[in-house]
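As they're listed, the protein sequences go chains A and B. Just add 948 to the spot in the first sequence (first one is 1) and you have the numbering used here. Residue 15 in the numbering used here is what sits at position 17 of the second sequence, and the numbering runs on without skipping anything.
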Amino acid sequence: SQQGEEDPQALSIQEGENATMNCSYKTSINNLQWYRQNSGRGLVHLILIRSNEREKHSGRLRVTLDTSKKSSSLLITASRAADTASYFCATALTTDSWGKFQFGAGTQVVVTP
Amino acid sequence: EPEVTQTPSHQVTQMGQEVILRCVPISNHLYFYWYRQILGQKVEFLVSFYNNEISEKSEIFDDQFSVERPDGSNFTLKIRSTKLEDSAMYFCASTKQGANGYTFGSGTRLTVV
């Protein structure tokens, strides 16, 4: 598998439900980020979690990181129709936070009213 | 909130033609990047740029690609002789030391016909 693979590939939920998606990676990382992309648009940075962190919160977002399992999860609580988008994890392999990132293929989330 | 600006938003060009994609990074950022996303595929790293030189480049970034920071604000990607397979969304990003992620532009959709 490639560095940064999201699971599931697609997720369909109703407004108000929680959405959980996972990211697995193969090599050691310095940090992992989650991005959102609305159809045909740019990438919006959501949250960064460093390799020495286990959990971070930002509004309705909760990210966990398990370096022993080389995996991360993104939880969106109380989802809204506006959360409909593709979500990508991106891993930074170097110690520099300004190094290149490797993106996964993304999870496409559809939230229906 | 500061933005990374990319122009044009959409460019159609004939195979073999040269194109220049333009980006204006955030003014106090020092690290610049180009990524691309072929329709339905992963976001792929092309090149990183710091201190007026390329820091790192991927296998995709062959001799037909070049980057330049011609002045204090613009960051350009030039494709010398476009091929059909260069059709993609090209994203510019910038960051600074200690930042919690990249700021991406909205992208330029390049269509080679």
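Glycine included, each C-beta is placed from N, C-alpha and C at the ideal position. Note that the coordinates shown come from a computational prediction; the quantities given were computed from them, not determined experimentally.
Any non-hydrogen atom of the ligand ADP within 7 Å of residue i CB
| i | result |
| --- | --- |
| Ile995 of chain A | Of ligands this structure carries none, so the ligand ADP is not represented either. |
Proximity to residue i [Cα-Cα], best of the options
| i | options | result |
| --- | --- | --- |
| Arg1010 of chain A | A:Asn1000, A:Lys1017, A:Leu996, A:Ser1016 | A:Leu996 |
| Glu953 of chain A | A:His1005, A:Lys1017, A:Gly1052, A:Asn1000 | A:Gly1052 |
| Lys81 of chain B | B:Val10, B:Glu66, B:Pro0, B:Glu51 | B:Val10 |
| Asp61 of chain B | B:Ser53, B:Ser71, B:Tyr48, B:Arg78 | B:Arg78 |
| Gly96 of chain B | B:Ile58, B:Glu51, B:Lys40, B:Leu28 | B:Leu28 |
| Pro1061 of chain A | A:Gln957, A:Ile961, A:Pro956 | A:Ile961 |
| Glu57 of chain B | B:Lys94, B:Asn49, B:Met87, B:Arg34 | B:Arg34 |
| Ser71 of chain B | B:Glu42, B:Asn50, B:Glu83, B:Met87 | B:Asn50 |
| Phe43 of chain B | A:Val1059, A:Ala1026, A:Leu1041 | A:Leu1041 |
| Thr1062 of chain A | A:Thr975, A:Val1057, A:Glu1003, A:Arg1008 | Absent from the structure is residue 1062 of chain A, since the part of chain A shown begins at 949 and ends at 1061. |
| Ser1016 of chain A | A:Gln957, A:Ser999, A:Lys1048, A:Trp982 | A:Ser999 |
| Gln4 of chain B | B:Ala86, B:Asp84, B:Val17, B:Ala91 | B:Ala91 |
Buried versus exposed call for residue i [16 or more other C-beta atoms within 10 Å across all chains shown]
| i | result |
| --- | --- |
| Arg984 of chain A | buried |
| Leu37 of chain B | exposed |
| Met969 of chain A | buried |
| Ile977 of chain A | buried |
| Pro23 of chain B | buried |
| Gly103 of chain B | buried |
| Ala1026 of chain A | exposed |
| Gly14 of chain B | exposed |
| Gly1007 of chain A | exposed |
| Asp69 of chain B | exposed |
| Gly99 of chain B | buried |
Neighbour flag for residue i against chain C, beta carbons, 8 Å
| i | result |
| --- | --- |
| Lys1048 of chain A | Chain labels in this structure do not include chain C; the protein chains are A and B. |
Beta-carbon spacing of residue i, residue j below 8 Å
| i | j | result |
| --- | --- | --- |
| Lys55 of chain B | Ser64 of chain B | no |
| Ser1020 of chain A | Leu980 of chain A | yes |
| Thr101 of chain B | Val2 of chain B | yes |
| Ala1029 of chain A | Val992 of chain A | no |
| Lys1018 of chain A | Ser972 of chain A | yes |
| Gly990 of chain A | Phe89 of chain B | yes |
| Leu19 of chain B | Thr106 of chain B | yes |
| Gln12 of chain B | Val111 of chain B | yes |
| Gln1050 of chain A | Gln957 of chain A | no |
Nearest-angstrom beta carbon gap, residue j and residue i [assumed within contact, 8 Å]
| i | j | result |
| --- | --- | --- |
| Ser46 of chain B | Tyr31 of chain B | 5 Å |
| Asn966 of chain A | Leu1023 of chain A | 6 Å |
| task | Using a Cβ-Cβ cut-off of less than 7 Å, give me the residues of the region 974 to 996 of chain A that come near chain B, in sequence order. | result | Against chain B - using a Cβ distance shorter than 7 Å - the residues of the region 974 to 996 of chain A are Gln981, Arg989, Gly990, Leu991, His993, Leu996.
| field | chain A contacts made by the region 51 to 65 of chain B, where a contact means CB separation under 7 Å | value | Listed in sequence order: Glu54.
| request: Scan the region 69 to 101 of chain B for residues whose Cβ lies nearer than 9 Å to a Cβ of chain A and list them as they occur along the chain. | output: Along the region 69 to 101 of chain B, going in chain order, the ones with a CB nearer than 9 Å to a CB of chain A are Met87, Phe89, Ala91, Thr93, Lys94, Gln95, Gly96, Ala97, Asn98, Gly99, Tyr100, Thr101.
| Taking Cβ-Cβ distances below 9 Å as the criterion, which residues of the region 1021 to 1038 of chain A are in contact with chain B? | With the criterion set as a beta carbon lying under 9 Å from some beta carbon of chain B, the members of the region 1021 to 1038 of chain A are Phe1036, Ala1038, in sequence order.
| said: What are the residues in the region 9 to 21 of chain B lying within 9 Å of chain A by C-beta distance? | reply: Within the region 9 to 21 of chain B, no residue qualifies.
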